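Once you know that position 12 of the sequence shown is 12 in our numbering, the rest is easy, because the numbers rise by one and skip nothing.
Notes for the one structure printed next.
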Amino acid sequence: MKTYPALDVRSADADDLLYAQIDDFAPTAIEQRHDGLRVFFASASARDGALAALSPRLNPSSIDVPDDDWARRSQENLLSVTVGRVVVSPPWAADAARAADATALMVVIQPSMGFGTGHHASTRLCLAAMQAIDLRGKSVLDIGTGSGVLAIAARRLGALRSVGVDIDPDAVRSARENLTLNPGVDGVTIEMADLAAISAPAADVAIANLTGARLVRSASTILGAVSAGGIVILSGVMNDERDDVVGAFSRAAVIWERTEGEWVGLTVKKP
Numbered sequence: 001m002k003t004y005p006a007l008d009v010r011s012a013d014a015d016d017l018l019y020a021q022i023d024d025f026a027p028t029a030i031e032q033r034h035d036g037l038r039v040f041f042a043s044a045s046a047r048d049g050a051l052a053a054l055s056p057r058l059n060p061s062s063i064d065v066p067d068d069d070w071a072r073r074s075q076e077n078l079l080s081v082t083v084g085r086v087v088v089s090p091p092w093a094a095d096a097a098r099a100a101d102a103t104a105l106m107v108v109i110q111p112s113m114g115f116g117t118g119h120h121a122s123t124r125l126c127l128a129a130m131q132a133i134d135l136r137g138k139s140v141l142d143i144g145t146g147s148g149v150l151a152i153a154a155r156r157l158g159a160l161r162s163v164g165v166d167i168d169p170d171a172v173r174s175a176r177e178n179l180t181l182n183p184g185v186d187g188v189t190i191e192m193a194d195l196a197a198i199s200a201p202a203a204d205v206a207i208a209n210l211t212g213a214r215l216v217r218s219a220s221t222i223l224g225a226v227s228a229g230g231i232v233i234l235s236g237v238m239n240d241e242r243d244d245v246v247g248a249f250s251r252a253a254v255i256w257e258r259t260e261g262e263w264v265g266l267t268v269k270k271p
């Protein structure tokens with residue numbers, strides 16, 4: 001049975017300190033729980049490094065969470081989420097979502113512990129940003145694709161083709177499995193690749209739903225992945241990271257911005 005390495009942080013005041021220290025250990029997801037936060041990692045070694053870094057202040061506990069437990073709880077709690085014309089739905093809610101709005105652009109995603117389902121604010125901000133531009137006939141690169149939700153949504157929104165890339169083999173497998181849940185979606189490919197290995201320019205539009213710190217570190221590479229005049233959608237940015245991210249992408253103009261709670265979504269245009 002697949003398990004995911006995680007840390008439980010049982011502190012109502014953990015958020016700011018945790019986000020500041022956790023980025024170097026490549027967390028794949030952060031789940032808000034009634035008694036604190038549960039942070040998931042791509043590997044046990046990353047989890048153990050984060051445990052050592054956080055222990056002096058936050059006293060986290062290490063845990064391996066079975067994927068079927070996540071699936072069970074997801075089926076109890078997760079319903080469809082609508083952002084503009086796009087509806088992201090788990091398989092068990094898809095028929096009801098279609099019946100409620102036959103004109104919606106449906107993306108079906110099987111919930112999994114480590115990858116996005118469309119319910120996180122950073123994913124919703126990406127979906128909103130994608131609908132604020134015209135994707136028809138464009139090529140789209142989804143960097144850190146996770147579940148593939150944004151790569152699939154891009155094709156639903158009229159992109160000529162979209163490519164989702166991720167360095168995590170579990171993410172690539174998850175995204176490819178989700179493609180099979182979306183019949184009629186062609187022109188979407190999922191590849192395992194490091195951001196630094198992407199040939200440039202790769203696309204008309206790039207989507208990078210990462211973390212603020214990684215966006216700052218990778219700004220030049222991300223901008224290099226789109227052609228002149230291309231668009232980059234940025235998310236995973238917290239409010240207090242916004243200025244640093246905008247500064248890192250300063251040679252591109254901000255053309256769209258939205259906040260949702262403590263999260264910021266940005267769209268920039270390359271000169």
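We put the CB at the ideal spot given by N, CA and C, even for glycine.
Because the structure is a prediction, the values reported are computed rather than measured.
Element boundaries [beta strand (DSSP E), containing A206]: Along the sequence shown, one-based indexing puts residue 206 at 206. DSSP places A206 inside the beta strand (DSSP E), whose first and last residues are 203 to 209.
Backbone CA spacing between I190 and L150 [nearest angstrom]: Reading the sequence shown from its first residue, position 190 is the one you call residue 190. Reading the sequence shown from its first residue, position 150 is the one you call residue 150. Cα-Cα distance, rounded: 11 Å.
Of the listed residues D204, G49, E257, nearest to K270 (C-alpha basis): Indexing the sequence shown from 1 puts residue 270 at position 270. When only C-alpha atoms are compared, the closest one is D204.
Test item: CB-CB of T145 and D166 under 9 Å: In the sequence shown, counting from the first residue as 1, residue 145 sits at position 145. In the sequence shown, counting from the first residue as 1, residue 166 sits at position 166. It is a contact, given that the beta carbons lie within the stated cut-off.
Bridge partner(s) assigned by DSSP for W263: Here the question's residue 263 lines up with position 263 in the sequence shown. Paired residue(s): M238, E260.
Pairwise C-alpha distance: S112 and S80: Within the sequence shown, the letter at position 80 stands for residue 80. Within the sequence shown, the letter at position 112 stands for residue 112. Roughly 15 Å separates the two Cα atoms.
From R47, V9, I143, residue whose alpha carbon lies closest to that of S199: The sequence position of residue 199 within the sequence shown is 199, counting from 1. For S199, the nearest C-alpha among the options comes from I143.
Short Cβ contact (9 Å threshold) for I207 with V185: Here residue 207 refers to the residue found at position 207 of the sequence shown. Here residue 185 refers to the residue found at position 185 of the sequence shown. Contact: no.
Beta strand (DSSP E) segments (min. 3 residues) lying fully within the stretch 82 to 161: As far as the stretch 82 to 161 is concerned, its whole beta strand (DSSP E) runs of at least 3 residues are 86 to 89, 105 to 108, 139 to 143.
Helix, strand or coil at R251 according to DSSP, with G and I counted as helix: Mapped onto the sequence shown, residue 251 falls at position 251. Coil, per DSSP.
Where V226 falls: helix, strand or coil (DSSP): Translated into the one-based positions of the sequence shown, residue 226 becomes position 226. Under the three-state reduction of DSSP output, V226 falls in the strand class.
Limits of the unbroken alpha helix (DSSP H) element including D64: Residue numbering aside, residue 64 sits at position 64 when the sequence shown is read from its first letter. Taken as a continuous stretch (DSSP letters only), D64 belongs to no alpha helix (DSSP H), being part of the beta strand (DSSP E) at 61 to 66.
Where P274 sits in the DSSP three-state scheme: There is simply no residue 274 to check, as the chain begins at 1 and stops at 271 in what is shown.
Given 8 Å, three or more beta-carbon pairs between the stretch 123 to 131 and the stretch 210 to 218: Because the criterion of three Cβ pairs below 8 Å is not met, the stretch 123 to 131 and the stretch 210 to 218 do not touch.
Residues of its chain near L195, where Cβ-Cβ distance is below 7 Å and the 5 sequence neighbours each way are ignored: Stepping through the sequence shown from its first residue, residue 195 is reached at position 195. Excluding positions up to five away in sequence, the list reads I143, S218, T221.
DSSP state of P27 mapped onto helix, strand, coil: In the sequence shown, counting from the first residue as 1, residue 27 sits at position 27. Residue state, collapsed to three classes: strand.
Given 8 Å, three or more beta-carbon pairs between the stretch 52 to 66 and the stretch 2 to 12: Cβ pair count under 8 Å is three or more, so yes.
V86 to D23 span [Cα, whole Å]: Against the sequence shown, residue 86 aligns to sequence position 86. Against the sequence shown, residue 23 aligns to sequence position 23. Roughly 30 Å between the two C-alpha positions.
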